[in-house]
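Sequence order for the protein chains is A and B. Here the first sequence is numbered in the working numbering, starting from 1 and rising by one per residue. Here the second sequence is numbered in the working numbering, starting from 849 and rising by one per residue. Please read the structure below before turning to the comments.
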Amino acid sequence: MLCLLTLTVVTGMAQKTEKKKIAKDTINRAADSTEVEAKEEAADNIPIVSLDENDLGDGSSQNVSSMLTTARDPFYSAAAFNFSSTRFRVRGYDGDNFSTYMNGIPMENLDNGFTPFGLWGGLNDVLHNKSLSIGLHYNTTAFGDVGSTTSIDTRASKQRKQTQFGYAYSNRNYTHRFSLTHSTGLSKNGWAFTFSGSRRWADEGYSAGTYYDGWSYFVGVDKKLGKKNLLSLVAFGAPTKNGKQGAATQEALDLAGTNYYNPYWGYQEGKKRNANVGRTNQPVIIFTHDLKIDENSSLVTAASYSFGERGASSLDWYNVADPRPDYYRYLPSYYDDQDPLYQKLTDAWKNDESVRQINWTNLYTTNRSGTETVNGVTGHRSRYILQEAVTDTRKLNFNTVYNVKVDNNLFFTAGGSYQMLKNNYYKQILDLLGGDYFVDLNQFAERSYPTNPNANQNDLNRPNRIVGVGDRYGYDYDIHVNKAAGWGQGVLKYNWIDIYGAVEFSNTQFWRVGNVKNGLFPTNSFGKSTVYNFNNYALKGGFTFKIDKRNSLYMNMSKMTKAPFFENVYLSPRTRDNVQDNVKNEEIQSVEAGYVVNAPKIKLRFSAYYTEFLNQMNVMSFYHDTYRNLVNYAISNIDKAHSGLEFGFETKLLPTLTLNGAAAVGRYYYNSRQTAITTLDNDASVLSKDLVYSQDYRVGGTPQEAYSLGLNYRSRKYWYVSLTGNYFAKMWMDINPIRRTAAAVDGVQENSPLWHSILDQQQLSNQHTLDFFGGYSWKLPKSWGLKKASFLVFNAGVSNILNNKTIITGGYEQLRYDFMEKDINKFPSKYYYAYGINYFMSLTYRFY
Amino acid sequence: MNIMKNKIGLFVSMVAIATAAAIVIPACNKKFDAPPAATDPNITPTHTIKQLKAMHGTLPTDQGRLDVITTDVIISGVVVADDKSGNLYKELYIQDATGGIALELDAAGLYGTYPVGRRLFINCKGLCVTDYNLLPQLGIKAIVSGAPSIQGIPSDLIKNYITGGSLNNPVVAKTVTPASLPTPVLGDDNLATLIQLNNFEFLKGDTTSTYADTSAYKATKNITIHDCSGNTIIIRTSGYANFAAAKPAKGNGSVTALYTAYGTTKQLIIRDTTDIKFTGRRCYQFEEDFNAFPVTGTAPLVVPGWKNILETGDVPYTIAYFSAAQGDFAKISAFTSAALPTTNISTWLISPDITLVSGAPLYTFTCSRRYPSATLKAYVSTNYSGGAPSAATWTLLGTVPNGTASAFTPFDSFGPYNLATYIGQKINIAFRYEAAAGTAASNVATYEVDDIKITY
């Protein structure tokens, strides 16, 4: 019914607007761009959280909407900012369906397809030149993804000649930010330089125990050679460390009295210490050659290299009690509510902060108690350590794109790319926490195979190795991914219609190289694995029918196959090179149609889409304390169907007053019964193979319906204010597939409350937010003796003005499930909540 | 041309939107998938549970032997008791028309998957059938601490042996009489089945206690129930049962329970307190067994409602204990009296007010005694108002015969005294102990009174 309603409104709008008299565009562009900057700065400061249990810091956490830009598209500009608080994903797609190019180079991770925005975090000043290709529309830089394709041009000669110094203050991820950017513009002899740097930090972020410590730098040099050649080099990086926020069960949140309870920290000698620290330092260097062959053709060739580490720290332990304060056995609910311990623990959790936070002192005390001799070394053997899961990346990209205008109606694009990635994954010790050494042993294997003396060796090549701070231990393996692609595209443009078609072929290879010989898998943990090879194609085509100069209609279609990501193929790359049963390509087919009005007084886009994802795979891991082991779920045959309507408009009520609105009404379903294979990290045998009754479960983690309505006043005096209300509905927790198997409800009466508690998907309550933005751009008087045009720009944004602290932005159903007892409350879902009222203020001094 | 195009455009856009809507609208709010409901698998049992147990044997010499099934033996049974209340742990009882058996599984929370009423199909090949002090058991043979023993089937292996079938199969306890339960032997078909006994009740003193030990030790506890004919049986409850702290029901009625044995001792195991339907009136309209009160030594008996009145002399009734079978009782003896050489001893034990309600109020009590010199008399009064016994009129019901110096008599039963004439009235019953001044302490009598009862 809701779907119908939306449609009626939309068609009504479309008809009305066509009749409107067209007036001159009077938007104050200066104020407009100020607002854009404010919003981009705000987006840069949206918290990054881990979205699933086994996020080992591989960069899989990201906010899709932050890749969007304030494109002129009225729907996308709403989606980019207004919907970001609930982690809205455009069309419900996963992050790997949105790609980002910088100076001609594809920036997405080859390991999971996500765009690593953090690599250029804090460099907003040089990121203003962006273009966004929405959905299946063609573009001239790349074949493109089904979600969107963003191109960022950070080349020095494309930066506006200016110098600016900025300071920002916020209560979100970081508290302070200083930034300094200088761009020279293109000099007469063909040089252009850009320098930018920023410092962002927070001693404590919005949630207790979180912190932020980031630097960013950017250097760009352009040299124009003659009229045809532009050589560009950019190098940038954003070394960042941040103390993270952990998800927690509602019980823990309620006991702590705040939805922002963070189990990741504890006091150490009076100071808050966070055990889960994210660290990134991956500089990127891009070299671009832009050749204008002639008036009608160009060739852009780029090569890039990025390298460096990202790490995620956490506690690790060996044959001692779990140090995490919110471990389920430490919570009152572990006991019957009649048990006296229930009340005692409830009181302790409520009233004693040290109970619900990490007890660092205890970890040190344990490590310092007693001495032990292992492998000839005598001293305090650490039982608890602080470890870091590190991904060390080396990535080389090459990309070239040729564009030619064959005649006035025919445009042709061809491109080719080659990408090489080598990721080295390992664990290292950050802190022995008072002990003298740690032994590189697999305690889980020790318990599972007490009679096999080799089983507990993480590395048979170096048995019983004594490890200290900075040493690698546990696992150590490389993943290599090579991808070659070539594509071509033809566009026919006429006054009344544009038609295009594009095709891409690609080949992807990946393999694993083990650097240690695991005692459990001596034959398939060390050395190079089989090379997996995937050939893929992608086709798309469509037309835009131009009803008149301002109204157009489009329809696009696409069909493609995609190589799986290695992280969804290897069952347990930490220990061995076993893969999923039937490794095959993912298939995507998508169709979209829309209606666009682009008139001075109104901009409007209405679109509908239907997309199917077929044969997706996923591997999930979690620690199971009955098996005392990491359990791996290999899920395959994941099909999804995403359909929906998008609507966005922006209309001028007055020359200075704009009304804008956006609505995304989607239905994202799992569209198959998946297969789940359960294995243990320590054992190659299959524990069970289950059919997952996942048909028509909702794809979670994003609102399926999002609405916004905003008023924007832009004064001719260079200030603006805007107020936007947002409403979110149909938000679902993503499902743990294992809980939707016959085994999960074996013995449970159909349709009983227990049956529903196990199978039903949790729908999160509908939410609303109210956001404010305002700013003022003050041109400093010349009478002050300033030689150059100088501006002082003030921006402020207040999000969630109503201080709604009950918005669940994410979380997960714990993967662990008690198949015998079937009580889901034993391992309940964990949640993250969106911040309450939060603000961002910035002051920028800029001169040209 | 432009207008024409506009119209075409409008038409096309309407069509496109309608198409889009046609795609999207059916997608609204689809019904969730769900696994199929439980049904019986296509498995045909080859043996009955009785036949399975016969593979272990029924002779006394078969007792305790671990018999591993080496052939394809498939049984089917309905779960009649699970571990939901915690009274059973890592154990289920299943039953078919021929009998029942305890199923040992090394997993907790079994009720989630194998609830009462679920039919199970068990491939016994590789499992072990035996008895634990006569109670038939099906589990797995394993060597633990060097000795072979029966163990629960490891949780990861349960699926290899057990296939769950349909739910909610009727679970009906067989109604039996105490007389129909012979002394347990191997091969007793009643063992490990659900039975129902009617007209039972807890001892009055136990109704103020708990089903099991509520201390940190969580010890298992036996409580005796009895019917009005005096048949008794034990209810055995684990300290881990979630009803361990509950108080046994006060009334009389039916009990549904697993019938088990520990050697020749018959034991009932209830699944939870709903198995006890003691809601009717008890066997007696008045009873006192003193079991709810601690032994007092030489200190006076204090039982709510009862009066312990030293009319003359210094000898009170006390609470004493001799054997578990008898429990506590009221005791009186002037043996240690300082007053006896010079003073007549007269002490009353007077019951709370009793209003007799029905047709055949027969009053009985038991008494054990030793030494001849003193008397114990049983009285009834309709006008005792709580003060001095002398202010009331007492009707003598009987005098307990003297004991001898040689030994305590058994707790002989006295009565029944027919109190029918007092129906509808408030009465008090009383015992009066009298010893004459100067009686030799070595010869003065001791009386022990217990199990005071008045029938309906």
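Glycine is no exception: its CB is placed at the ideal position from the N, C-alpha and C atoms.
Spanning the alpha carbons of Gly-811 (chain A) and Met-733 (chain A) requires a straight line of approximately 7 Å. Taking 8 Å as the CB threshold, Thr-806 (chain A) stays off the interface with chain B.
Inter-segment contact for the stretch 329 to 347 of chain A and the stretch 358 to 378 of chain A is absent: fewer than three beta-carbon pairs are separated by less than 8 Å. Secondary structure of Asn-1276 (chain B) (DSSP, three-state): strand.
Ile-1271 (chain B) sits close to Pro-1209 (chain B), with the two beta carbons spaced by under 8 Å. For Pro-996 (chain B), the enclosing beta strand (DSSP E) stretches over residues 995 to 999. Taking all protein chains shown into account, Tyr-937 (chain B) has fewer than 16 neighbouring C-beta atoms within 10 Å of its C-beta and is therefore exposed.
If you draw a straight line from the Cα of Gly-205 (chain A) to the Cα of Tyr-212 (chain A), it comes to about 7 Å. In the three-state reduction of the DSSP assignment, Trp-360 (chain A) falls in the helix class, which pools H, G and I.
Between the beta-carbon of Ser-313 (chain A) and that of Leu-386 (chain A) there is about 6 Å, and that keeps the pair under the 8 Å contact cut.
By the rule that beta-carbons nearer than 8 Å mark a contact, Thr-150 (chain A) does not touch chain B. By the C-beta criterion, the stretch 767 to 774 of chain A is judged not to be in contact with the stretch 119 to 129 of chain A, since fewer than 3 inter-stretch pairs fall below 8 Å. Look at the stretch 681 to 723 of chain A and you find these whole runs of beta strand (DSSP E), each 3 residues long or longer: 683 to 692, 703 to 714. Membership of Thr-346 (chain A) in the alpha helix (DSSP H) is indicated by the continuous run 340 to 351. For Asn-556 (chain A) and Thr-651 (chain A), the gap between their C-alpha atoms comes out near 26 Å.
For Leu-180 (chain A), the uninterrupted beta strand (DSSP E) segment begins and ends at 176 to 183.
Chain A places a beta carbon closer than 8 Å to that of Pro-883 (chain B), counting this residue as a contact.
In this chain, Gln-580 (chain A) is not harboured by any alpha helix (DSSP H), its DSSP state being neither H nor E. Straight-line spacing of the CA atoms in Glu-587 (chain A) and Asn-129 (chain A) works out to 33 Å. When C-beta distances to chain B are compared with 9 Å, the residues of the stretch 754 to 768 of chain A below that value are Leu-754, Trp-755, Leu-759, Asp-760, Gln-761, in chain order. Taking a C-beta distance under 8 Å as the contact criterion, Leu-1034 (chain B) and Asp-1137 (chain B) do not qualify as a contact pair. The beta-bridge partner set that DSSP reports for Gln-489 (chain A) consists of A:Thr-413, A:Ala-502. Beta-bridge annotation (DSSP): Asn-423 (chain A) is paired with A:Thr-393, A:Ile-479. Checking the DSSP bridge columns, you'll see Glu-251 (chain A) has no partner listed. Around Arg-199 (chain A), the same chain offers Phe-178, Trp-215 as residues with beta carbons nearer than 6 Å, after the five sequence neighbours per side are excluded. Between the beta-carbon of Glu-646 (chain A) and that of Phe-75 (chain A) there is about 5 Å, and that keeps the pair under the 8 Å contact cut. One finds nothing in chain A with a Cβ atom closer than 9 Å to the Cβ of Leu-900 (chain B); even the nearest lies about 22 Å away. The beta strand (DSSP E) runs lying completely inside the stretch 62 to 138 of chain A and spanning 3 residues or more are 98 to 102, 130 to 134, given in chain order. Residues of the stretch 1009 to 1034 of chain B with a C-beta less than 9 Å from any C-beta of chain A: Gly-1012, Leu-1015, Asn-1016, listed in chain order. Looking at the DSSP output, Asn-536 (chain A) sits in a beta bridge with A:Ser-506. Assigned with DSSP and collapsed to three states, Ala-1239 (chain B) falls in helix. Following the DSSP letters along the chain, one finds Gln-814 (chain A) in no alpha helix (DSSP H), marked with neither H nor E.
At a cut-off of 8 Å between C-beta atoms, Glu-750 (chain A) counts as an interface residue with respect to chain B.
Taking 4 residues as the shortest admissible run, the stretch 570 to 657 of chain A contains no complete alpha helix (DSSP H) segment at all. Contact of Asp-746 (chain A) with chain B is assigned, a C-beta pair being separated by under 8 Å. Between Arg-1217 (chain B) and Ala-1255 (chain B), the C-beta spacing is not below 8 Å.
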